[in-house]
Structure formats: structure tokens, C-alpha cells
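Reminder that position 101 of the sequence shown reads as 551 in UniProt numbering, one-by-one numbering, no gaps.
Backbone N, C-alpha and C define an ideal beta-carbon position, used for all residues, glycine too.
These figures come from a predicted structure and were not determined experimentally.
Here is the structure we will look at.
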Amino acid sequence: EWVNFVVFYDRIIDRFEMSKQQNVTFKRMLPNHAIFVEVDEDKMTQVLYNIISNALKYSPEGGQITFAIKEKGDNIIVSVTDEGVGIPKESLGKIFDRFYRVDKARTRKLGGTGLGLAIAKEIIKVHGGKIWAKSREGKGTTIAFSLPYESTEEDEWS
Ligand code: ATP
Ligand code: MG
């Protein structure tokens with residue numbers, strides 16, 4: 451389906467904001483115009499659910515989570531940035547692997563199977579996009595993905 455990704459993302463963030471149990475601040479940096487992207491809404495909901503759940507799970511009390519959408523060429527870049535524990539450099543490439551979890555002792559008490567990001571990667575791939583992570587230990591993590599879209603600025607009929 452064609453969805454206005456700005457509204458779609460905003461609604462998913464709303465749901466997390468209403469149900470969150472922690473003292474974490476949400477900050478939205480979303481364009482104020484529509485961006486239409488062709489996506490499977492259920493699958494994309496799953497992607498965002500997995501990424502945002504992690505951001506909350508690994509956020510400290512009083513932390514902030516920033517949600518952004520940027521337009522870059524023929525892609526939109528959707529990102530979730532937290533101020534949590536971060537991910538060591540040597541693990542950054544592995545977190546999208548199935549069942550991979552950083553530091554078993556640290557993550558055991560938080561629960562999880564290590565599948566969330568592997569599923570997200572698979573779904574983003576099917577949509578023609580890429581997913582990646584940037585992180586600094588002790589500072590926080592950004593998980594971002596791209597999705598191809600056609601800018602509506604151009605007149606396709608001319
Ligand atoms: P599941 O999502 O299946 O419940 P999980 O959260 O452990 O389990 P993934 O979502 O695939 O699995 O994440 C893999 C690992 O990457 C996590 O175990 C964690 O070590 C690390 N990780 C993911 N997101 C973050 C984040 N925002 N901050 C710090 N570490 C993270
Ligand atoms: Mg997870």
C-alpha cells in the first residue's frame with residue numbers, strides 16, 4: 451500500500467509514548483509535509499516496533515529517544531536514537547544476525563531472543579532499503595534504515 455510515512459511513523463510513536471512505563475522523553479524530528487512510500491504496513495509496523503522496543507529497553511531513566519525522518523536523494527532515512535548503554539564497535543556488524551546478543555550477562559536480565567533486528571533487516575531488504583547502526587558505548591545508539599521513494603516534487607506527466 452502507499453502510505454504517508456510521516457503520519458504512519460508519528461502514530462506508531464504515539465502508541466509507544468502512551469504505553470511506556472519508563473521516564474524517557476520522546477523527541478520527534480519529522481517533516482511537516484507528506485512523504486508517500488510503498489510499504490507493507492504490517493511488516494513496517496513490526497520493523498519500527500522492534501527498533502523502538504530496543505531503544506526503550508536499553509535507555510536509562512531520564513533518557514531521550516529521538517525519532518527522525520530525513521529525505522536524501524531517492525530515499526528517506528528513518529532513524530531512532532537513544533541515550534542508552536550503546537553497542538561496542540566489534541558487535542555493531544553482528545546485531546542484525548539472528549540470535550546475536552551483545553554481552554549475554556548484560557542482556558539476559560532484559561530478556562529477548564536476539565531476533566528483533568534480524569527480522570527488521572529482512573523486511574527492510576524486501577522493501578529495497580538498507581538498515582544500519584551507529585553507536586558509542588555509554589553514549590547511545592542510532593538505528594536507521596532507508597526506503598526508496600519517488601519525490602512528488604517532479605511532474606511525472608510532463
Ligand atoms: P528480541 O528483539 O528478539 O526480543 P533482542 O532485543 O536481544 O531480542 P535484537 O533486537 O535483535 O535482539 O537486538 C540484538 C542485540 O543488539 C541486543 O541483544 C542488544 O545487545 C543489541 N542492541 C539492539 N538495540 C540496542 C540499543 N538500542 N542499545 C543497545 N544495544 C542494543
Ligand atoms: Mg529487540
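{"Check": "Give the straight-line distance between the Cα atoms of S601 and K575, rounded to the nearest whole angstrom.", "Outcome": "20 Å"}
{"Check": "Near K493, what residues of its chain come up, given a Cβ to Cβ distance below 7 Å and the 5 sequence neighbours on each side ignored?", "Outcome": "I573"}
{"Check": "Measure how close the beta-carbons of S509 and Q471 come, nearest whole angstrom, since I'm counting them as under 8 Å.", "Outcome": "Wrong, their Cβ atoms sit about 11 Å apart, outside the cutoff."}
{"Check": "Can you name the residues that DSSP bridges to D532?", "Outcome": "T591"}
{"Check": "For Q514, which beta-bridge partners are listed by DSSP?", "Outcome": "T475"}
{"Check": "From the beta carbon of K477, is the nearest beta carbon of chain D less than 8 Å away?", "Outcome": "Absent from the structure: chain D. Only one protein chain is present."}
{"Check": "DSSP state of F486, grouped into three classes?", "Outcome": "strand"}
{"Check": "Identify, in the order they occur along the chain, each residue of the same chain with its Cβ nearer than 7 Å to the Cβ of W582, setting aside the five sequence neighbours on each side.", "Outcome": "A594"}
{"Check": "Is S503 near the ligand MG, in the sense that its beta carbon is under 7 Å from a heavy atom of that ligand?", "Outcome": "yes"}
{"Check": "Taking the C-alpha atoms as reference points, what is the distance between G578 and A568?", "Outcome": "16 Å"}
{"Check": "CA-CA distance, A518 and S541?", "Outcome": "24 Å"}
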